[in-house]
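Colleague: Please see the structure below; I have some questions.
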Amino acid sequence: MRQMTLEEMSQNNRGCQNVGQLLALADAYAAQEAFEVSVSLAEGDYRTEPSLRPGRKTIRMTSRGRVLGTTAALWVAIAGAGALAAQPTQPFVESVDVQVVEVDVVVTDRKGRPVKGLNREDFELYVDGEPVEVANFYESAISAVEERTGRRNQTRTAVRSEARPGAADGGPLTVIFYLDDPNIYPTHRTRLLRRLETAVEPWRALEASFMLARFVNRLEVLVRPTRDLDAILAGAAAVPKGSPRAIQNGDGARRFAIKSVIDSYETCRMMAFCSPCVDNWGEMLSAARQYADNEATSAAIAVDGLADLVTTLAGVPGKKAVVHITDGLPQRPGISVLDYLGNELCRDLRPSAPSETMSEMTQYDESRRFNRIAAHANANRVTFYGLDAAGLRSASPDISLDNPRMGPSFQNVSLRAMNAQSGLHLLAQETGGKALTNANDLAILLDDVSKQFAASYSLGFIEDEQERDRVRQIRVLLAPGVAKGRRIEYRRTYRAKPLDERLAERLLSVAYLGAPENPLGANVELGGTTPLEKKVHELTVAVSVPADAIVTLPGKTGATGNASGEVRLWLVAVEDEKGARTTVRQKTVTVGGATGIPAVDGAYRVEVAMNLPEGGYQVAVGVRDETSGVMSLLTAASSGSASVREPVTVPNREAAN
């Protein structure tokens, strides 16, 4: 996307004699207005929507790593030039936004084998039901071959990147191994991590970056994106122990809930003048509701963890494939206990029990939440590949009772298993990925992922400027001549994001994942901290940019000695201990010319103050030349010769005293 401001040069065209200079003049005179961009994660709203509220100065963070209490927010507050009055001699603004949306499509035959060699004409692309032209077309440059593993004479799908005629790279690929620790039994987690080395072996020749992360109350990046698979294996071997919440929230909680319902039933049955499922119905329903509420809370926290992951990956270029390892992601939390209560235990004693519990079940439907996280992932080109770490789930009665006839039926246990896997299937389907259930081998899922990499095509289309920042539906069809016997998978939605949001996301990715970029040769220095109020300090951040790296343009007089330019700055601080982040702040400053910041020793230097609570922080800074569009993304230590990011510490004033 480019924003260009064209200034009428009727009286001052001596400084710009051709169209190229007029176009270069665009960003230097762009008028901006203050606004905020907010991403609400706890509320389940994963879109970014502009607001006309001014940015705040005081930064608030919670112990859960969220901004503003239970809501994690990405705020971009711009301090820009005021809008110019409408005068013939003043600049006028013409916005031209061009963004190509990439849709990754996987084509396989009846046996699941990759289909190669298709052309642009073999696909039909629709947005909100209307056909759109495929502007860019790429076929995957990844090949999949069956190789013998030497283990029981089995074969594995090995993938490798190679240059082939007619194939091109639609962008870099990043594979993320993600552990949902609060929802994985420790034994399941240990088994899968031990098999990771064998599972990833066929990916040795794949040109991709790999990352290891987990979620325990907050997102933890254990290994940042790297091309070294051995670093991922070493990180998996050293990964901290899983969360005990997995046992509390798993099958044990369900058994306790069902036994509570049965105990209430038996107690009432042994009492005089008490009819089970009638006189004690409220007590039994309350126990089932409590279990459903707890499971719904766990599901909401798990989805928030995925949202944090997607937001962190948003600034990473190219396609991102998330291998999501969990013991389940229920789409309707708690329905197995409600189903047991209404359709099995009390069905004959209370005729209205099935309809009453069915009404309760509808209140615990998380489909909308899952659809929102899927749309958030699709907007950032993230594909989910889910793995049910529980493996092959048994459908036999799972609760030991004195009276086995009162135990849950085969159908109820199956309902529990299908519900636990339903969220994985939904996210995979909506984002164009895969979900592996009822299997114990991680290698099976990675083989499916390998086949998708090899059967992938990228269809790019130019998004409609009038429909920006709205979730839109995508449909891809194969042309009639090539559709027979073949199936396709792809993401079902997209949202074209504004430039400011994309640039802020890139800065957040650098803050969390590293990999700075510094084409401008900028440098960042952190000053001391100054106490402002209780537990809040002011940190000075100095940003220096070489003067010859900034494109300056002559003013109205056309005198080159009075040339000026504009530099836009982004700043964010990430807390080391809890992973909380400040708002992403943005400010535009004029450099050079009569009113801009002058160059000193060949560089423009800007100092910005940040208000931070006590703690240790990593500071990331973005610097953009508004005329050329060139941007540097760096951390405080990455700008110089240091290779390790050194945190800045905001002291505890009471401890110091």
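Take the working numbering: the last position of the sequence shown gets the number 690, and nothing is skipped along the way. Here a beta-carbon is modelled for each residue, glycine too, at the ideal position from N, C-alpha and C.
Let me know the secondary structure DSSP gives A636 once reduced to three states.
Modeller: Of the three classes helix, strand and coil, the one that applies to A636 here is strand, per DSSP.
Colleague: Below 8 Å, can you find three or more Cβ-Cβ pairs linking the region 375-386 to the region 475-486?
Modeller: With a cut-off of 8 Å, the region 475-486 and the region 375-386 do not count as touching, because too few Cβ pairs lie within range.
Colleague: Can you tell which of S577, V574, A596 and V576 has the C-alpha that lies nearest to the C-alpha of V584?
Modeller: Considering only alpha carbons, the answer is A596.
Colleague: Could you tell me which whole alpha helix (DSSP H) segments of length 4 or greater appear in the region 524-586?
Modeller: Listed in chain order, they are 532-546.
Colleague: Per the DSSP calculation, W603 is bridged to which residue(s)?
Modeller: Bridge partners of W603: Q619 and G655.
Colleague: Just curious, the beta strand (DSSP E) that P387 is in, first and last residue?
Modeller: Premise fails: P387 lies in the alpha helix (DSSP H), A386 to T395, not in any beta strand (DSSP E).
Colleague: If you follow the alpha helix (DSSP H) that P219 is in, where does it begin and where does it stop?
Modeller: That run of the alpha helix (DSSP H) goes P219 to R227.
Colleague: So the candidates are A241, D533, L266 and A246; which of them puts its Cα closest to the Cα of R227?
Modeller: Nearest C-alpha to R227: L266.
Colleague: Considering only residues of the region 256-298, which uninterrupted alpha helix (DSSP H) runs meet the minimum length of 4 residues and lie entirely inside it, listed in chain order?
Modeller: Within the region 256-298, the complete alpha helix (DSSP H) runs of at least 4 residues are 262-270 and 278-282.
Colleague: Taking one C-beta from the region 661-668 and one from the region 610-623 each time, how about it: are there three or more such pairs within less than 8 Å?
Modeller: Segments in contact, no.
Colleague: Is there contact between the region 621-633 and the region 554-571, where contact requires at least three CB pairs shorter than 8 Å?
Modeller: No: the two stretches stay apart, fewer than three of their Cβ pairs being nearer than 8 Å.
Colleague: Can you tell me which of the three DSSP states Q444 falls into?
Modeller: Three-state result, Q444: helix.
Colleague: Using the three-state DSSP reduction, which class does T207 fall into: helix, strand or coil?
Modeller: Three-state result, T207: strand.
Colleague: Let me know the secondary structure DSSP gives E157 once reduced to three states.
Modeller: Strand at E157.
Colleague: Looking at the structure shown, is Q364 part of a helix, part of a strand, or coil, going by DSSP?
Modeller: Here Q364 sits in coil by DSSP.
Colleague: What residue range does the beta strand (DSSP E) around V139 cover?
Modeller: Element bounds for V139: V133 to D142.
Colleague: Measuring alpha carbon to alpha carbon, tell me which of G635, G162 and A606 ends up nearest G649.
Modeller: Among G635, G162 and A606, the Cα nearest to that of G649 is on A606.
Colleague: Tell me the DSSP secondary structure of V515 in three-state form.
Modeller: Reduced to three states, the DSSP call for V515 is coil.
Colleague: Could you compute how far the alpha carbon of S442 sits from the alpha carbon of D398?
Modeller: C-alpha separation (whole angstroms): 23 Å.
Colleague: For G98, I'd like the list of residues in its chain whose CB is within less than 6 Å of its CB, leaving aside the five on either flank, ordered along the chain.
Modeller: At G98 the pLDDT is 34, less than 50, meaning the model places this residue with poor confidence; the figure from the coordinates comes in the next sentence. Cβ within range, chain order: R251, K611, G612 and A613.
Colleague: Could you check whether the region 203-218 touches the region 295-310, counting it as contact only if at least three pairs of C-beta atoms, one from each stretch, sit closer than 8 Å?
Modeller: The answer is no - the region 295-310 does not touch the region 203-218, with fewer than three Cβ pairs under 8 Å.
Colleague: Mind checking T563: buried by the 16 CB within 10 Å criterion, or exposed?
Modeller: Per the 10 Å Cβ criterion, exposed.
Colleague: What is the DSSP secondary structure of R426, reduced to helix, strand or coil?
Modeller: DSSP places R426 in coil when its eight states are reduced to three.
Colleague: Just the C-alpha distance for G419 and A410, rounded to the nearest angstrom, thanks.
Modeller: Computed Cα separation, rounded: 14 Å.
Colleague: To the nearest angstrom, how far is the alpha carbon of I406 from that of G204?
Modeller: Their backbone Cα atoms lie some 23 Å apart in a straight line.
Colleague: Work out the CA separation of Y373 and E699 for me, nearest whole Å.
Modeller: Coverage of the chain is limited to positions 34 through 690, which leaves residue 699 absent and any answer about it impossible.
Colleague: Which residues does DSSP pair with F494 in a beta bridge?
Modeller: Answer is V134, bridged to F494.
Colleague: Does the Cβ-Cβ distance between V133 and G493 come in under 8 Å?
Modeller: Contact: yes.
Colleague: Short check: CB of F248 to CB of D214, under 8 Å?
Modeller: Yes. Within cutoff.
Colleague: Run through DSSP, which three-state label would E399 get?
Modeller: The answer is coil: DSSP assigns E399 none of H, G, I, E or B.
Colleague: Flag this pair as yes or no: are the beta carbons of V656 and L559 separated by less than 8 Å?
Modeller: No, they are not a contact pair.
Colleague: Compare the beta carbon distance of L475 and L229 with 8 Å and say whether it is the shorter of the two.
Modeller: Yes, these two residues count as a Cβ contact at 8 Å.
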